[in-house]
Every structure is written in C-alpha cells, then in structure tokens.
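Note that our numbering has the sequence shown beginning at 21, numbered continuously upward. Virtual Cβ for every residue (Gly too), placed ideally from N, Cα, C.
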Amino acid sequence: MNHMHRIVYFSPAGTTRLVAETIRERLLEHRCQVEMINLSVQGTAARQSPSSPADTPVCLWIGSPVYCDHAVPLVSDWIEVLPPGQDSCAVPFVTWGGVTTGLALPEMAGMLAEKQYVPVAAAKILAVHASMWGVDEPLAKGHPDTADLDQVRELVDVVVKRLAHPERAALDLKLLDYLPPAMRAEAQIKSLAAAKASMPPLAADEQLCTSCGICAEVCPVEAIVVDPYPIISETCVMCKQCVQACPEGAFPSNQEAMAVRIRGMADSSQEEKVTAVFY
Ligand SMILES: Cc1cc2nc3c(=O)[nH]c(=O)nc-3n(C[C@H](O)[C@H](O)[C@H](O)COP(=O)(O)O)c2cc1C
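Here it is as structure tokens:
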C-alpha cells in the first residue's frame, strides 16, 4: 500500500520545523509522496483544516513542541477536528527542552488512535529550551544535534518499511507510558492555561513600544493586534517570539529568573535528557 505522507507541525522557535524537514528529506530519499503543513505560519491552522480522507491512505507525521508537559493546544485542537482516517496511520513526534515530555506523546497517540489514525511510531527529540533564549547555557543547548537527527532518519526508515505491511505496523502504546507514576500525576495537573494564569499577563511597556507591529507579524498564533499598543488575546501560547523580536525590548522579560525556574524543574525531573524513538 502506498501511503501519502503528510507532515503537520507547529514550531514557533524552529526546532520542530528542523525535525519535520529532516523527516521530509528522508521520505523523499525513499521516493515517498510528501506534503508539509506548517501550522505556525499565520492563517495556516485555520485555512488548512484537515482534509477529508482521500483515496490514498495517509501517514500523518504530526509534530509539536512540549509546552507545560503537553502538546501545544493548537496541535491538539488540529487533531481533535481531524476526520476519521481510513487505512491511515500516524507518527506523533515532539521536541522538548530537557525538562520533561510529560504526557504529550501518549496524549497525541491516544487522540490519533481515536481518530482511526493508527500510531505506528513516535519520537521525542531533545531540543534547546525555547524559553531560555537570553542565557548562555540554555537547557539542551546544541540539540537537536547530528545524532538526534540520525535517530529521526532511522525512524523514517523503520516507518517506511513497516507501512509495506500495515497489518503489522501498530505501535504498542504501552511504550509511551515511560514516565514514573508521580511525574505522570504531576503532568496531569499542569497545563499551558494554568501556567499563563499564574504569571503576570504579557504586555508591552507603552513608553518603549513604537507600535511598529513586528510583534504581531511574528506571532505564530495571531494573538496580537496593535491598537495603538499590542493587545494580546487568549490564544497566546507564551512562545515569546514577540518578546524576542521586539526591536525596542518593550516586553519585560527576566531571562535569568526564568532560567533558574526552568533549571529547577529540570533537576527534579527523572526523565533522561535524551532523544528517543518508539516503534
Ligand atoms: C511556553 C513553553 C513551555 C515549555 N514547556 C516545556 C516542558 O514542559 N518541557 C520541556 O522539556 N520543554 C518545554 N519547553 C521547551 C520546548 O518544548 C522546546 O524548546 C521546543 O523544542 C520548542 O520547539 P520549537 O523550536 O519548534 O518552537 C517549553 C517552551 C515554551 C516556550
């Protein structure tokens, strides 16, 4: 059976995109048919609502950064509205900053299975922590590196081989229950929404803001309207691309304090800080 490979991903800081591109290149080396959908390009998530099942079976590669122990809500929402797959399969993959992958992979795989996209493999790829852009030694600095991406290529090879025998391809979802129970329980109560609620709302300093609109341009979820200063809506995912891009430094950000907090979480996490593939 010849599957059409659809790679869908969200990647504010670019590492999930790098993994998606690595998957694409390897699939092309296998002469597979490939389509890419980047949900972080403005308007794409709304425009590219998942298409109805086509004649060709689909292998959906779906990638998200881990945010607060889960996939980014925009990615889960995208899966949520996916029409049921027919002879389709899926490979969820996440990038993570060396704290924990939480429940992101089992949750994505479970949702896909419910949509009749049979999970055939999965991956968690270690990647520099996107919230630590302003410090010299961010967690997982230098990742994904060549060895991480080689594991991704190997995973593609395995998936392509398995799809030739789809009846034998299903991933044992127990493999994704790798977190110790205490960490699983902790991840269950964490969420981006809860993290946002516990922080002061993101707002530009009106004394510094020149209303240039760059923050709105770089926002991958179209959460910002500049009128006359940035107004940030509920859809904000705290990726802080606006904070990094602002030429005036108008969004207050204490990178050192953030780094201390994140390092503390990473130290108390028992998850091994490595890339892992599951099949
Ligand atoms: C708001 C936010 C929350 C994050 N939460 C986690 C987390 O729970 N665990 C973790 O290991 N990394 C976490 N990270 C780091 C990202 O998962 C990691 O840097 C990812 O590779 C970013 O993907 P991107 O480069 O495609 O945007 C978080 C980053 C941000 C911005």
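- Quick one: what's got a C-beta closer than 7 Å to L175's C-beta in the same chain, skipping five residues either side? A141, A143, V297, Y299
- Message: Is G118 a contact residue of ligand 1, with contact defined as CB to any heavy atom under 7 Å?
- Response: yes
- Task: Return the CA-CA distance between I209 and Y87, expressed in angstroms with no decimal places.
- Result: 13 Å
- Item | Limits of the unbroken alpha helix (DSSP H) element including K216 | 212–217
- Message: Between P88 and ligand 1, is there a pair consisting of the residue's CB and a ligand heavy atom that are separated by less than 7 Å?
- Response: For clarity, residue 88 is Cys in the given sequence; the question names Pro instead. Under cutoff, so the answer is yes.
- Is C109 helix, strand or coil when you go by DSSP? strand
- Using CA coordinates, which residue listed in E45, Q106, V39 is at the minimum distance from W116? V39
- Identify the continuous beta strand (DSSP E) that holds E55 and give its terminal residues. 53–58
- Is T255 helix, strand or coil when you go by DSSP? coil
- What residues match up with W116 in a beta bridge as DSSP calls it? L146
- Query: Per DSSP, A184 is paired with what?
  - Reply: A184 pairs with nothing; no bridge assigned.
- Message: Less than 6 Å between C-beta atoms, sequence neighbours within five positions excluded: which residues of the same chain meet that for V257?
- Response: V92, V241
- Query: CB A217 to CB F271, shorter than 8 Å?
  - Reply: no
- Can you find a heavy atom of ligand 1 that lies under 7 Å from the Cβ of V148? yes
- Heavy atom of ligand 1 less than 7 Å from the Cβ of K260, yes or no? yes
- Identify which residue in C109, I145, V111, A110 has its Cα closest to the Cα of T121. I145
- Query: Does DSSP put C313 in a helix, a strand or coil?
  - Reply: Nothing about residue 313 can be read from this structure; the chain reaches only from 21 to 299.
- Message: Tell me the rounded alpha-carbon separation between C232 and D247.
- Response: 11 Å
- How many angstroms separate the CA atom of A160 from the CA atom of W153? 12 Å
- Query: According to DSSP, is Q139 helix, strand or coil?
  - Reply: Just to set this straight, residue 139 is Pro in the shown sequence, not Gln. DSSP places P139 in strand when its eight states are reduced to three.
- Query: How many whole angstroms separate the CB atoms of L123 and D89, which I take to be in contact at a CB cut-off of 8 Å?
  - Reply: 6 Å
- Item | C79, DSSP secondary structure in three states | strand
- Task: Within the same chain, show all residues whose beta-carbon is closer than 6 Å to that of Q171, passing over the 5 residues directly before and after it, in chain order.
- Result: T295, V297
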